[in-house]
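Chains as they are written, first to last, in our numbering: chain A, 1258 to 1447; chain B, 2 to 286.
Think of the CB as a built atom: it goes at the ideal place given N, C-alpha and C, for glycine as much as any other residue.
Step one of this worksheet: look at the structure below.
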Amino acid sequence: MNIDVQLAVSPASTFDRLVRARHTGSAVALAGRLLLTVAVVGVSVTIDATGRASIGLASSLGVAWSFVFVIQAVASATVILPARGREVTALRAFELWCHAHVPWSLWLLLPALTATVLGHKLGDPQLAGLALVPLGWTLVLLSAFARQVLRARRPLLVVAVHQAVLWGLAVCYVTYAVGGWDRMLAEIGL
Amino acid sequence: MSGARWASLALCAAGLLAGALEPRPPAREPLRSGAHWLLAVDFHVHGFPGDGALPPWVLRDEAARAGLDAFVLTNHNRVSTARAARRMFGDTPGPLVIVGQEVTGRGFHIVAAGLEERVDWTSAAAAIRAIHAQKGVAIAAHPSAAYRTGWDEATIALLDGVERAHPSMETPPAGSQFAEFDAHAAALKPGIAFIGSSDYHVAQTPGFCRTWVLARERSADAIVAAVREGRTAAMDMAGQLYGNADVVRLVRAAHLTAPRPRTPTVWSRTAAAVVAIGLLLLILL
């Protein structure tokens, strides 16, 4: 079992072990972890949208959709940078948080796997329902991250701030994509 | 990195390489009919950034694979992606990209094609006038009951076209509601253009439903003019044609068949499966 899966299965003890192992971050390790997640996003979007996968398509769509990592980085920065109790550098904290990608990576790959291996395309309602699993799982990971890595006295507050920033930015993008704030406000009668 | 992870990475790379080696379907030459071109156009396609999955450069390639001669990039209440795409491709070979917008308001959606600037969405009538002021055309998008409360007879009479073929028509009762709205529009405005579009976001493929356009030349302006003059036929996913009798006759004579749903070849599906499995193993091992 690799370290990412160990972290997904037992987050508190794994984060604790990783913090003890090294306090300073490695840009190479962070880049490697980001590359893996860009590949997951690129491959899942390319298979969902075209039914195929090639180097050109996966890299193209991975780069196009990499704005989701910018959102993730901003949300992480809002809780990592102000954390005064953390014993690791900010770079190491980012690196450790990137280890927690497993729940969402599996969810992203699921429709690509069912479409290509089983020949069955998952519907939007099914995917939305299944998203509750990585959503809840990530909250558990984030809570462990807040306690073991950031040494936060109020880990639930860290979880709340991170999720508020993350989903707030995601809602901003969705609003842009479906026609703008003015239209959204009009739709709800404001 | 462990041997198992290297093996997973190699599997993933092999799948991506195999996917890249798959031969492309042959490019379809645009058809001529006397002095006119018979062009396959998708008037309703969403791209990234927006709520479509594919950025314009991939979208254009998908449109070429689907045998389209042109498509209108119609993001919700935005023209920025479409304008960037038009600038990006210029006169390079491949499907034409026409700047459009899905004017998304309360109780109506309008596909606008041939725009330069964003159109305000607050009322259907005002939107259509703004589209016409830019020399564009206005098409009622997927006019099922949910998207019909913003229309009145005077506004319907301003339209240049109606979506007659759309993937949602397979879901009852949308099909019969489209037919009812379109018959009403045709009675109010004889010769109104019937349009087929995919409303592509992520599923299916661009051109899944399409429009055959009899255009004087292979250009965005000529395609828009053909809609204004009603020289179109909508084709649904079953190959059923609706619209201008001359265009329908020409399409039938040319034996142009129904657009195929996305059916990856065994090669591409296997390559994609290998990539997905490789990535899964890379995450887990």
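Rounded C-alpha distance that separates residue i from residue j
i: ALA1434 (chain A); j: ILE132 (chain B); result: 21 Å
i: ARG130 (chain B); j: PRO174 (chain B); result: 30 Å
i: LEU1413 (chain A); j: PRO1339 (chain A); result: 15 Å
i: ARG253 (chain B); j: ALA1265 (chain A); result: 58 Å
i: ASP92 (chain B); j: VAL138 (chain B); result: 22 Å
i: THR1303 (chain A); j: SER199 (chain B); result: 18 Å
i: MET1258 (chain A); j: ALA85 (chain B); result: 46 Å
i: VAL112 (chain B); j: HIS1377 (chain A); result: 32 Å
i: ARG149 (chain B); j: GLY108 (chain B); result: 5 Å
i: GLY48 (chain B); j: HIS1280 (chain A); result: 43 Å
i: ALA125 (chain B); j: VAL104 (chain B); result: 8 Å
i: ARG263 (chain B); j: VAL1431 (chain A); result: 26 Å
i: GLY231 (chain B); j: LEU160 (chain B); result: 11 Å
i: GLY151 (chain B); j: CYS1429 (chain A); result: 26 Å
i: ASP52 (chain B); j: GLY1436 (chain A); result: 9 Å
i: ALA1372 (chain A); j: TRP7 (chain B); result: 25 Å
i: ARG211 (chain B); j: VAL203 (chain B); result: 17 Å
i: VAL1336 (chain A); j: ASP1261 (chain A); result: 21 Å
Residue i classed as buried or exposed, judged by whether at least 16 other C-beta atoms fall within 10 angstroms
i: PRO27 (chain B); result: exposed
i: ASP1305 (chain A); result: buried
i: PRO168 (chain B); result: buried
i: ARG33 (chain B); result: exposed
i: ASP121 (chain B); result: exposed
i: PRO1360 (chain A); result: buried
i: TRP1364 (chain A); result: buried
i: PHE1324 (chain A); result: exposed
i: GLU164 (chain B); result: buried
i: GLU1352 (chain A); result: buried
i: GLN1405 (chain A); result: buried
i: LEU1292 (chain A); result: exposed
i: VAL1297 (chain A); result: buried
i: LEU1375 (chain A); result: exposed
For residue i, the three-state DSSP class (helix, strand or coil)
i: LEU1379 (chain A); result: coil
i: GLN102 (chain B); result: strand
i: ILE1312 (chain A); result: helix
i: VAL112 (chain B); result: strand
i: SER1333 (chain A); result: helix
i: TRP38 (chain B); result: strand
i: PHE209 (chain B); result: coil
i: ALA83 (chain B); result: helix
i: ASP121 (chain B); result: coil
i: MET236 (chain B); result: strand
i: ILE196 (chain B); result: strand
i: ASP92 (chain B); result: coil
i: GLU230 (chain B); result: coil
i: ASP1 (chain B); result: This structure cannot speak to residue 1 (chain B), because chain B is shown only from 2 to 286.
i: ALA71 (chain B); result: strand
i: VAL138 (chain B); result: strand
i: HIS202 (chain B); result: coil
i: HIS185 (chain B); result: helix
i: LEU32 (chain B); result: strand
i: ASP218 (chain B); result: Position check: residue 218 (chain B) holds Glu in this sequence, whereas Asp was assumed. GLU218 (chain B) falls in the coil class under three-state DSSP.
i: LEU18 (chain B); result: helix
Chain E contact for residue i (CB, 8 Å cutoff)
i: THR105 (chain B); result: Going by chain labels, chain E is absent from the structure shown, which instead holds the protein chains A and B.
Any C-beta of chain B under 8 Å from that of residue i
i: VAL1300 (chain A); result: yes
i: THR1271 (chain A); result: no
i: ILE1260 (chain A); result: no
i: ARG1309 (chain A); result: yes
i: ARG1290 (chain A); result: no
i: GLY1386 (chain A); result: no
i: LEU1287 (chain A); result: no
i: GLY1313 (chain A); result: yes
i: ARG1410 (chain A); result: no
i: ARG1215 (chain A); result: No information on residue 1215 (chain A) is available, as it lies outside the stretch 1258 to 1447 that chain A covers here.
i: GLY1319 (chain A); result: no
i: SER1362 (chain A); result: yes
i: LEU1370 (chain A); result: yes
i: VAL1276 (chain A); result: no
C-beta neighbour in chain A for residue i, strict 8 Å
i: ASP52 (chain B); result: yes
i: ASN78 (chain B); result: yes
i: VAL203 (chain B); result: yes
i: ARG61 (chain B); result: no
i: VAL276 (chain B); result: yes
i: SER1 (chain B); result: Chain B is shown only over 2 to 286; residue 1 (chain B) falls outside these bounds and no answer can be derived.
i: PRO26 (chain B); result: no
i: ARG211 (chain B); result: no
i: ARG270 (chain B); result: yes
Beta-carbon separation (whole angstroms), residue i vs residue j, contact threshold 8 Å
i: ILE193 (chain B); j: GLY162 (chain B); result: 6 Å
i: VAL46 (chain B); j: TYR243 (chain B); result: Rounded, the Cβ-Cβ distance is 20 Å, inconsistent with contact.
i: VAL275 (chain B); j: GLY16 (chain B); result: 3 Å
i: PRO56 (chain B); j: PHE72 (chain B); result: Between PHE72 (chain B) and PRO56 (chain B) the Cβ distance is about 14 Å, and since that is not below 8 Å, they are no contact.
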